[in-house]
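**Q** Could you have a look at this structure, given as structure tokens, before my questions?
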Amino acid sequence: MHELSIAATILEDVLGFAERQGATRVVRVRLSIGEFTCVQADQLKFCYESVTTDTLLANSQLEIETLPAIVACHSCRYEGPPKYWMDPLVPTLQCPMCGESVEAVQGHECAIKSVQYAA
Amino acid sequence: MTTSTIEAVPEEIYDIELEHSLLEANARLAKENRVLLDRHGITAFDFMGAIGSGKTTLICRLVERLKDKFGIAVFNGDATIANDTEPIARQGVPVVQIATVNGCHLDANLVGKGLKKINLPALDLILIENIGNLICPAEFPLGSRSRVVVVSVTEGPWMVKKHPHMFLGADLVVINKIDLADIMGVRVEHLVRDVHALKPDIRVVPASCKTGAGIAEIAELLAPHA
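As given, the protein sequences belong to chains H and C, one line each in that order. Quick note: the first sequence, position 53, residue 252 per the numbering used here, numbers continuous. Quick note: the second sequence, position 41, residue 42 per the numbering used here, numbers continuous.
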């Protein structure tokens with residue numbers, strides 16, 4: 200349940216921001232989470248609800264946007280979506296063009312994109 | 002008669018763009034750990050794997066093999082108890098127990114605190130045993146040079162397919178307990194194939210802490226020319 204430590208980090212970050220802005224309550228927090236991370240959206244929402252109780256963030260909405268994985272191949276110069284494996288689909292680090300190993304250039308992000316608050 | 006109306010002033014709503022990374026604090030501390038290790042010429046390896054995959058025993062075998070030639074310390078991450086530290090401490094190397102107090106992964110902050118507790122100039126290698134969990138530690142680098150994933154045949158034939166994320170971030174995969182592969186009806190080459198489907202260039206070493214198979218090869222990868 201690393202979602203709990205991520206939820207706690209969101210609370211700390213947004214609370215500090217909201218207080219500096221003189222917010223009376225936080226309405227919505229928007230996150231961007233890369234496809235290569237193993238952050239589970241439902242679990243994160245549950246943890247978020249729990250840790251924000253009785254804070255400025257209570258009852259605020261947590262919106263999670265998934266950032267698609269992008270890989271780059273140093274062998275054949277391919278850059279684009281990764282090769283997927285199995286069902287449910289898992290992005291791999293195998294080049295969809297030449298089969299060599301690729302580098303992930305997008306998809307490991309886990310960031311707060313925006314905060315909507317009332318003042 | 003005049004009527005006065007009081008209207009509620011609607012709250013003003015603001016929407017502010019931020020770009021705050023949630024994993025950055027850990028990543029920054031991991032980098033600090035790495036700088037400290039590099040300054041002392043120490044190479045650290047982070048061992049990840051499920052409970053019972055054989056991480057502690059593998060580390061024990063590696064310590065046995067390497068302790069005469071290198072200064073080694075072991076960091077042992079566990080949710081609560083210190084049982085795992087005993088067989089390693091018996092070999093006479095420093096062991097730092099890191100209790101995450103029921104947390105599911107080690108983080109760079111805990112490892113950084115551990116680094117303050119040992120005599121760094123005496124060391125060449127630090128083997129860090131992460132919490133037995135194949136999902137959570139993936140997002141939390143510690144500052145090690147490489148991440149080793151330990152998976153054993155006793156976990157069944159689908160371990161790689163069930164936990165792909167852990168393998169994507171690994172630099173070396175050990176398939177442990179191969180002496181039990183026949184009894185378990187697990188084909189080691191299928192596990193190797195699954196790992197390579199995720200990451201074609203990753204090194205995979207089949208091993209057995211019981212028979213000693215693969216241990217020399219892993220030791221050579223961690224500490225070349227030992």
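We put the CB at the ideal spot given by N, CA and C, even for glycine. Owing to the predicted nature of the structure, the values given are computational and were not obtained by experimental measurement.
If we count the other Cβ atoms within 10 Å of its Cβ and call it buried at 16 or more, is A220 (chain C) buried or exposed?
**A** Within the second sequence, residue 220 (chain C) is the residue found at index 219, counting from 1. Buried, since its Cβ has 16 or more Cβ neighbours within 10 Å.
**Q** Is there a Cβ of chain C sitting closer than 7 angstroms to that of H273 (chain H), yes or no?
**A** Along the first sequence, read from residue 1 onward, the residue named residue 273 (chain H) stands at position 74. No - not a single Cβ of chain C is within 7 angstroms of the one on H273 (chain H).
**Q** Considering only the beta carbon of each residue, do H106 (chain C) and I132 (chain C) sit closer than 7 angstroms?
**A** Reading the second sequence from its first residue, position 105 is the one you call residue 106 (chain C). Reading the second sequence from its first residue, position 131 is the one you call residue 132 (chain C). Taking 7 angstroms as the Cβ cut-off, H106 (chain C) and I132 (chain C) qualify as a contacting pair.
**Q** Can you find the residues in the same chain that come closer than 6 angstroms, C-beta to C-beta, to S274 (chain H), ignoring five residues on each side of it along the sequence?
**A** Stepping through the first sequence from its first residue, residue 274 (chain H) is reached at position 75. These residues qualify, in order along the chain: C297, E299.
**Q** Counting contacts by CB-CB distance shorter than 7 angstroms, is L243 (chain H) in contact with chain C?
**A** One-based indexing of the first sequence puts residue 243 (chain H) at position 44. No, no contact with chain C.
**Q** Could you give the DSSP three-state label for G115 (chain C): helix, strand or coil?
**A** The residue you call residue 115 (chain C) lines up with position 114 of the second sequence. Residue state, collapsed to three classes: helix.
**Q** Out of curiosity, what's the CA-to-CA distance linking P280 (chain H) and P290 (chain H)?
**A** The residue you call residue 280 (chain H) lines up with position 81 of the first sequence. The residue you call residue 290 (chain H) lines up with position 91 of the first sequence. The alpha-carbon atoms of P280 (chain H) and P290 (chain H) are separated by roughly 9 angstroms.
**Q** Name, please, each residue of chain H whose Cβ falls closer than 7 angstroms to the Cβ of D16 (chain C).
**A** On the second sequence, residue 16 (chain C) is found 15 positions in, with the first residue counted as 1. Per Cβ cutoff of 7 angstroms: S313, Q315.
**Q** So which residues of chain H does S22 (chain C) contact, with C-beta pairs closer than 9 angstroms?
**A** As a first step, residue 22 (chain C) is located in the second sequence; it is residue number 21 there, counting from the start. The answer, in chain order, is E308, C309, A310, I311.
**Q** Inspect the beta-carbon positions of L292 (chain H) and L169 (chain C) and report whether they are closer than 7 angstroms.
**A** For the purposes of this step, residue 292 (chain H) is taken as the residue at position 93 of the first sequence. For the purposes of this step, residue 169 (chain C) is taken as the residue at position 168 of the second sequence. For L292 (chain H) and L169 (chain C), yes; Cβs fall inside 7 angstroms.
**Q** Using a Cβ cut-off of 7 angstroms (strictly closer), state whether S300 (chain H) contacts chain C.
**A** Within the first sequence, the letter at position 101 stands for residue 300 (chain H). Yes, contact with chain C.
**Q** Excluding the five sequence neighbours on either side, which residues of its own chain have a C-beta within less than 6 angstroms of the C-beta of T264 (chain H), listed in chain order?
**A** Translated into positions along the first sequence, residue 264 (chain H) becomes position 65. Checking the sequence, you will find Glu at residue 264 (chain H) rather than Thr. Correct list, in chain order: S231.
**Q** Out of curiosity, what's the CA-to-CA distance linking G213 (chain C) and P158 (chain C)?
**A** Numbered from 1 along the second sequence, position 212 holds the residue referred to as residue 213 (chain C). Numbered from 1 along the second sequence, position 157 holds the residue referred to as residue 158 (chain C). About 22 angstroms.
**Q** Taking just the CA atoms, how far does V175 (chain C) sit from T236 (chain H)?
**A** Translated into positions along the first sequence, residue 236 (chain H) becomes position 37. Translated into positions along the second sequence, residue 175 (chain C) becomes position 174. One C-alpha to the other measures close to 22 angstroms.
**Q** Does any CB atom of chain C fall closer than 7 angstroms to the CB of A318 (chain H)?
**A** As a first step, residue 318 (chain H) must be located in the first sequence, where it is residue number 119. Cβ-Cβ to chain C under 7 angstroms: yes for A318 (chain H).
**Q** On the criterion of 16 or more Cβ atoms from any shown chain inside 10 Å, does K56 (chain C) qualify as buried, or is it exposed?
**A** Counting from one through the second sequence, the residue named residue 56 (chain C) turns up at place 55. That one is buried.
**Q** List the DSSP bridge partners of P207 (chain C).
**A** In the second sequence, counting from the first residue as 1, residue 207 (chain C) sits at position 206. For P207 (chain C), which the question treats as bridged, DSSP gives the partners C:I176.
**Q** Residues of chain C with a CB under 8 angstroms from the CB of D253 (chain H): which are they?
**A** Against the first sequence, residue 253 (chain H) aligns to sequence position 54. Residues of chain C passing the Cβ test: none, with the nearest at roughly 20 angstroms.
**Q** Buried or exposed: K200 (chain C), going by 16 or more other Cβ atoms within 10 Å of its Cβ?
**A** Taking the first residue of the second sequence as position 1, residue 200 (chain C) is located at position 199. Classification for K200 (chain C): buried.
**Q** Between which two residues does the beta strand (DSSP E) harbouring M49 (chain C) extend?
**A** The residue given as residue 49 (chain C) occupies position 48 in the second sequence. Residues 44-50.
**Q** Roughly how many angstroms separate the alpha carbons of I226 (chain C) and I216 (chain C), rounded to a whole number?
**A** Along the second sequence, read from residue 1 onward, the residue named residue 226 (chain C) stands at position 225. Along the second sequence, read from residue 1 onward, the residue named residue 216 (chain C) stands at position 215. Checking the sequence, you will find His at residue 226 (chain C) rather than Ile. Taking the straight line from one Cα to the other gives about 14 angstroms.
**Q** Kindly identify the DSSP beta-bridge partner or partners of C272 (chain H).
**A** If you number the first sequence from 1, residue 272 (chain H) lands on position 73. For C272 (chain H), which the question treats as bridged, DSSP gives the partners H:V301.
**Q** Leaving aside the five residues before and after G42 (chain C) along the sequence, list all residues of the same chain whose C-beta is less than 8 angstroms from its C-beta, in chain order.
**A** For the purposes of this step, residue 42 (chain C) is taken as residue 41 along the second sequence, with counting starting at 1. Result list for G42 (chain C): D125, in chain order.
**Q** How long is the line joining the alpha carbons of F46 (chain C) and V94 (chain C), rounded to whole angstroms?
**A** Sequence index remark: in the second sequence, residue 46 (chain C) carries index 45 (1-based). Sequence index remark: in the second sequence, residue 94 (chain C) carries index 93 (1-based). Each residue's alpha carbon lies about 16 angstroms from the other.
**Q** Have a look at the DSSP bridge pairing and note the partners of P295 (chain H).
**A** The residue given as residue 295 (chain H) occupies position 96 in the first sequence. DSSP lists no partner for P295 (chain H).
**Q** Does the Cβ of P165 (chain C) have 16 or more other Cβ atoms within 10 Å, making it buried, or fewer, making it exposed?
**A** Indexing the second sequence from 1 puts residue 165 (chain C) at position 164. Buried, since its Cβ has 16 or more Cβ neighbours within 10 Å.
**Q** Between L199 (chain C) and chain H, is there a C-beta pair that is closer than 7 angstroms?
**A** Locating residue 199 (chain C) in the second sequence gives position 198, where the first residue counts as 1. True, the Cβ-Cβ gap to chain H drops below 7 angstroms.
**Q** Could you give the residue range of the alpha helix (DSSP H) that holds Q220 (chain H)?
**A** Position 21 of the first sequence, counted from the first residue, corresponds to residue 220 (chain H). 201-220 is the span of the alpha helix (DSSP H), which, as asked, contains Q220 (chain H).
**Q** What is the residue span of the beta strand (DSSP E) that H21 (chain C) lies within?
**A** Along the second sequence, one-based indexing puts residue 21 (chain C) at 20. That run of the beta strand (DSSP E) goes 14-22.
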